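Listed in order, the protein sequences are those of chains A and B.
So this note's numbering is basically just the index in the first sequence, starting at one, shifted up by 126.
So this note's numbering is basically just the index in the second sequence, starting at one, shifted up by 126.
Here a beta-carbon is modelled for each residue, glycine too, at the ideal position from N, C-alpha and C.
Nothing here was measured: the structure is a model prediction, and the numbers come from that model.
To keep things clear, I will list the structure first and then write my remarks on it.
Protein chains: 2
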Amino acid sequence: MTDKTTSLQPSALAYVPFVSVDDMMKNVHAIGVEAFIRGLAEYIEQDFLRWESFDKKPRIPAHAPQGVIELMPTSDGKTFGFKYVNGHPGNTQDGRQTVTGFGVLADLSNGYPVLFTEMTILTALRTAATSALAAKYLAPERSRTMAVIGNGAQSDFQCLGFKALLGITEIRAYDIDPAASVRLARNLAGSGLNVTICKSPEDAIEGAQIITTVTADKRCNTILTDNMVGAGVHINAVGGDCPGKTELHKDILLRSDIFVEFPPQTRIEGEIQQLDADSPVTELWQVYSGQLPGRTSRDQITLFDSVGFAIEDFAALRFLKDLLPRTGHYSKLDLLADPDDPRDLFGMLIRSKEQGNGAAA
Amino acid sequence: MTDKTTSLQPSALAYVPFVSVDDMMKNVHAIGVEAFIRGLAEYIEQDFLRWESFDKKPRIPAHAPQGVIELMPTSDGKTFGFKYVNGHPGNTQDGRQTVTGFGVLADLSNGYPVLFTEMTILTALRTAATSALAAKYLAPERSRTMAVIGNGAQSDFQCLGFKALLGITEIRAYDIDPAASVRLARNLAGSGLNVTICKSPEDAIEGAQIITTVTADKRCNTILTDNMVGAGVHINAVGGDCPGKTELHKDILLRSDIFVEFPPQTRIEGEIQQLDADSPVTELWQVYSGQLPGRTSRDQITLFDSVGFAIEDFAALRFLKDLLPRTGHYSKLDLLADPDDPRDLFGMLIRSKEQGNGAAA
């Protein structure tokens, strides 16, 4: 009370580091997109290696006719993280994103948030990192060519992720909308990737060791039919990620060895919603830890049935938090009430009025 | 692409209104603490009146030895809201708040957040509004004197809430730590409330029509014993709010008509955790809607077993959102990636580098 002016300045405890969209782009450019994805993949692999230390909850959804908002929390017992994410397929009609998100990392020992960040861009990057990481264990050795079927907002990130982690050099792009493929080729110009725009899915998969499907239709679709998929390829199935939304013909699934993030979630959201509830799948964390094999033969068809899991977001939040001191690209939000005397919240409120805050209205 | 500089300015869609701790205090002072609590009580009552339109989920907790972090989501089918809140009893030892929080309101039709706000102060205010609203239906007519047992951070807000909604004029304050009562009396000086500091709980409840218990100990305690509580009073039990934390002797519960927010939650967290799982309780929303009576006789002991429920936070977020255009006390966060072409997130990222964002590192 002796120095009221000073006491009204929020202390360091009041502030939470905040990464805006603009900050996120600056952080990506500070180290480069490919290095950023490599960093994310490292953190994701680290967290998959300690899989059993995580509290794995299902997503908590709120539904409307137009779409869904989900909270995706997880914790390793020391740190808590969650992502807020929406999915609204009709959003692009009025200029909004189909999927946006933000996330929070917090210290579970005192409950205080330690990072608040946009996660639309970060999710796009972590999704690519997750796919490329899985392919490191599953794709044929010396894969150089990837077919990319569906050339929307996630496709650029997938291409760069596979370049960064596997050394892919050739992209064979197909989209039902040719303008989407032109956009992808333009965005990747100068990246070191050769992009060939293809006239059909059959054309796109010609000579590809990896087939990435990343279409956006919210319905059961058949992007790939059984006769299109030859022996020995790796399929990176990214687009099917909610009930009623799949991309692959069931017969392909029956010929493939299927790898998933978290079976209880993938059985509801992934391609394998088409299979019986006890169909065999392999959990990726067991592959990364060496408990189970990844690719075992040249002719095997491997399939990563990607849906996106909370631990990947947790790893992405950790990576970003560790990057920030190096880049400085964040601001500080006055988010936490921090009275001089923690038992005197009301006293902070009335002193703020004495200091003239009331006059501002 | 014709005007790159312009296209890099985030559009209106990118921004989410943000209420910092400082903004929150300014918003409170802009209309006054009592009017703010009255406004909150109105919105809470409105939302309790449409109780059945809400998706009522249990809290989603993450536990550590030191405390808990909880997400509290709810939705009315059109709007989604959630609160992040922690509870860490040992936090005051290093100058942190025991409970802090923040919250988000979002449009469920497109998934976009419409408000991001601190909720430490807002929760303190809505807890007081919730108690005072319940007392409007349950306390004896023309109540003027309230005993307040436990004079910590929530007690000031309770006193002002009961003044604003019920016309309480006399506060009889008791705390195991006399300094806490002195602090309360000092904070309420000039509020129009007469505060009498009492030497014992027995002394405090002398002549009180309402007894508020709001102690902070995280264990089963007996702030009130059966012989202390006379006929006709209303007990506002705020402090017992988690498993293993109660304030009242079981015999008081057995003599009282008990009113609760949401029975499945209160049976775990409230005073009634001491009773059988099928002990009779009345849901407040049914009292507010006139389906069930509140106080029915002069001698009846009524008891509001407060634990705090997500719909109260939802109502508080709605109230704040509606207040902001009047006060202007908020800023705008660049939280949502908003590319010119919603399908071209990566294009936004690379164009931001062309504009020199990369050089900033």
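Here's the rule: buried if 16 or more other CB atoms are within 10 angstroms of the residue's CB, otherwise exposed. What is residue i?
| i | result |
| --- | --- |
| B:Gln219 | exposed |
| B:Gly416 | exposed |
| A:Gln120 | Here chain A has residues from 127 to 487 only, and residue 120 of chain A is not among them. |
| A:Leu461 | buried |
| A:Pro451 | exposed |
| B:Ser405 | exposed |
| B:Lys325 | exposed |
| A:Asp149 | buried |
| A:Lys130 | Any reading at A:Lys130 must be qualified, since the residue scores a pLDDT of 37, below 50, and its modelled position is unreliable; no value is offered. |
| B:Gly316 | exposed |
| B:Arg469 | buried |
| A:Gly434 | buried |
| B:Pro143 | buried |
| B:Ala505 | No information on residue 505 of chain B is available, as it lies outside the stretch 127 to 487 that chain B covers here. |
| A:Leu459 | buried |
| A:Arg424 | exposed |
| A:Asn217 | buried |
| A:Ala403 | exposed |
| B:Gly473 | buried |
Tell me whether the beta-carbon of residue i lies closer than 8 Å to the beta-carbon of residue j.
| i | j | result |
| --- | --- | --- |
| B:Gly237 | A:Ile195 | yes |
| B:Thr341 | B:Ala363 | no |
| A:Leu248 | A:Leu449 | no |
| A:Val159 | A:Leu286 | yes |
| B:Pro389 | B:Val413 | no |
| A:Thr351 | B:Leu471 | no |
| B:Ala463 | A:Val145 | no |
| A:Gln399 | A:Pro184 | no |
| A:Val211 | A:Gly227 | yes |
| B:Asp431 | B:Gly454 | no |
| A:Leu475 | B:Met151 | yes |
| A:Met272 | A:Phe288 | yes |
| B:Pro266 | B:Gly358 | yes |
| B:Arg222 | A:Leu241 | no |
| A:Lys479 | B:His155 | yes |
What residues in its chain sit with their C-beta under 8 Å from that of residue i, if we drop five residues either side in the sequence?
| i | result |
| --- | --- |
| B:Leu234 | Ser201, Gly203, Lys204, Thr205, Phe206 |
| B:Arg270 | Gly293, Ile294, Thr295, Glu296, Gln335 |
| B:Ile170 | Arg252, Ala255, Thr256, Leu259, Ile437, Glu438, Ala441, Ala442 |
| A:Tyr141 | Lys458, Leu459, Asp460, Leu461, Leu462 |
| A:Ser137 | Asp464 |
Can you find the residues in the same chain that come closer than 7 Å, C-beta to C-beta, to residue i, ignoring five residues on each side of it along the sequence?
| i | result |
| --- | --- |
| B:Ser488 | Here chain B has residues from 127 to 487 only, and residue 488 of chain B is not among them. |
| A:Phe208 | Leu197, Met198, Pro199, Gly229, Val230 |
| B:Ile394 | Pro369 |
| B:Arg164 | Ala290, Leu291 |
| A:Phe440 | Asp173, Thr200, Gly207 |
| B:Asp181 | Thr200, Ser201 |
| A:Gly365 | Gly276, Thr339, Val340, Thr341, Ala342, Glu373 |
| B:Gln280 | Ala250, Thr253, Val340, Val364 |
Within a Cβ cutoff of 6 Å, which residues of the same chain sit near residue i, ignoring the five residues on either side of it in sequence?
| i | result |
| --- | --- |
| A:Asn277 | Ala299, Asp301, Ala306, Ser307, Leu310 |
| B:Asn347 | Glu373 |
| A:Arg421 | Leu264, Thr428 |
| A:Ala486 | Any reading at A:Ala486 needs caution, since the residue's pLDDT is 39, under 50, leaving its predicted position unreliable; the model's value is listed next. Taken in chain order, the list of residues that qualify is empty. |
| B:Arg411 | The sequence given here places Trp at residue 411 of chain B; Arg does not occur at that position. Closer than 6 Å at Cβ, skipping near neighbours: Phe174, Trp177. |
| B:Pro327 | Ile275, Tyr300 |
| A:Val225 | Gly213 |
| A:Ala188 | Ile195 |
Point to revise | Contact residues within the region 142-165 of chain B, judged by C-beta distance below 7 Å to chain A | key: Ser146, Val147, Asp148, Met151, Lys152, Val154, His155, Ala156
Check your understanding: Hey, is the region 329-340 of chain A in contact with the region 296-316 of chain A, meaning 3+ C-beta pairs nearer than 8 Å?
Key -> yes
Check your understanding: Would you say the region 301-315 of chain A touches the region 249-260 of chain A, given that touching needs at least three Cβ pairs under 8 Å?
Key -> no
Review point. Which residues, in order along the region 346-358 of chain A, keep a beta-carbon less than 8 Å from a beta-carbon of chain B?
Key: none
Point to revise | Contact set between the region 192-207 of chain B and chain A, restricted to residues whose Cβ is under 7 Å from the partner | key: Gln192, Gly193, Ile195, Leu197, Pro199, Ser201, Gly203, Phe206
Practice item. Can you give me, in chain order, the residues of the region 460-476 of chain A that have a beta carbon less than 9 Å from any beta carbon in chain C? Key: Judged by its chain identifiers, the structure shown contains no chain C, and its protein chains are A and B.
Exercise for review: Return the residues of the region 226-256 of chain A that lie within a Cβ-Cβ distance of less than 8 Å from chain B, sorted by chain order.
Suggested key: Thr226, Phe228, Val230, Ala232, Leu234, Ser235, Asn236, Gly237, Tyr238, Pro239, Glu244, Thr246, Ile247, Ala250
Exercise for review: Using a Cβ-Cβ cut-off of less than 8 Å, give me the residues of the region 361-385 of chain A that come near chain B, in sequence order.
Suggested key: none
Exercise for review: Residues of the region 271-299 of chain B with a CB closer than 7 Å to any CB of chain A: list them in chain order, please.
Suggested key: Gly278, Ala279, Asp282, Phe283
**Study point:** Residues, ordered as in the chain, of the region 408-436 of chain A that lie near chain B by beta-carbon distance below 9 Å
**Key:** none
Check your understanding: When you check each C-beta in the region 395-407 of chain A against every C-beta of chain B, which residues fall closer than 9 Å?
Key -> none
Check your understanding: Residues in the region 438-459 of chain B with C-beta within 8 Å of chain A's C-beta atoms, listed in sequence order?
Key -> Thr453, His455, Leu459
Exercise for review: Below 8 Å between beta carbons is the criterion; list the residues of the region 176-188 of chain A that meet it against any residue of chain B, in chain order.
Suggested key: Asp181, Lys183, Ile186, Ala188
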